[in-house]
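Visitor:
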Amino acid sequence: MRIPKVVVGWTVAAVVVTTPVVVWVASWTTTEQTCVAESDVSPHTNRSRTYYDVRTSCGLLGVNENRQSRLDDAIDPGQTYRMTIEDRTIAQWLIEVEEL
Numbered sequence: 001m002r003i004p005k006v007v008v009g010w011t012v013a014a015v016v017v018t019t020p021v022v023v024w025v026a027s028w029t030t031t032e033q034t035c036v037a038e039s040d041v042s043p044h045t046n047r048s049r050t051y052y053d054v055r056t057s058c059g060l061l062g063v064n065e066n067r068q069s070r071l072d073d074a075i076d077p078g079q080t081y082r083m084t085i086e087d088r089t090i091a092q093w094l095i096e097v098e099e100l
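In this text, residue positions in the sequence shown follow the UniProt record's numbering: the first is 1, and each later residue adds one.
Spelled out as structure tokens, the structure:
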């Protein structure tokens with residue numbers, strides 16, 4: 001898989017002037033990192049919804065459901081990969097992998 005060597009990010013801020021003032025800020029960045037896979041992509045259920053994650057040397061990464069099967073086929077524990085990771089405020093998401 002080819003991964004573009006790019007770092008992408010955006011920030012959105014919305015301010016609603018009422019009493020009290022409400023401020024909402026959301027941001028994310030996408031980076032490439034070289035990580036060792038420590039586990040396969042694995043499902044877990046929370047409130048009847050299934051989530052996917054993979055434990056790596058770069059941390060515990062969430063996996064979107066539409067990418068789960070493709071990434072599960074690509075990842076072998078103990079192997080080193082170049083990973084494209086989307087880093088949000090609460091969680092990191094694994095977007096793409098390339099075997100080194």
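C-beta: ideal position from N, C-alpha, C; glycine also.
What is the rounded straight-line gap between the Cα of residue 52 and the Cα of residue 81?
Guide: Those two C-alpha atoms are separated by around 18 Å.
Visitor: The alpha helix (DSSP H) with residue 70 in it runs from where to where?
Guide: First-last of the alpha helix (DSSP H) with residue 70: 65-74.
Visitor: Tell me, please, which residues DSSP counts as bridged to residue 92.
Guide: Its beta-bridge partners are 61, 87.
Visitor: Verify whether the separation of the beta carbon atoms of residue 76 and residue 37 is less than 8 Å.
Guide: Yes.
Visitor: Determine whether the beta carbon atoms of residue 54 and residue 73 lie at a separation below 8 Å.
Guide: Not a contact, by the Cβ cut-off of 8 Å.
Visitor: Looking at the secondary structure, which residues open and close the beta strand (DSSP E) in which residue 54 lies?
Guide: 49-56 is the extent of the beta strand (DSSP E) around residue 54.
Visitor: To the nearest whole angstrom, what separates the beta carbons of residue 79 and residue 98, a pair I think is in contact under 8 Å?
Guide: That pair is no contact at about 11 Å.
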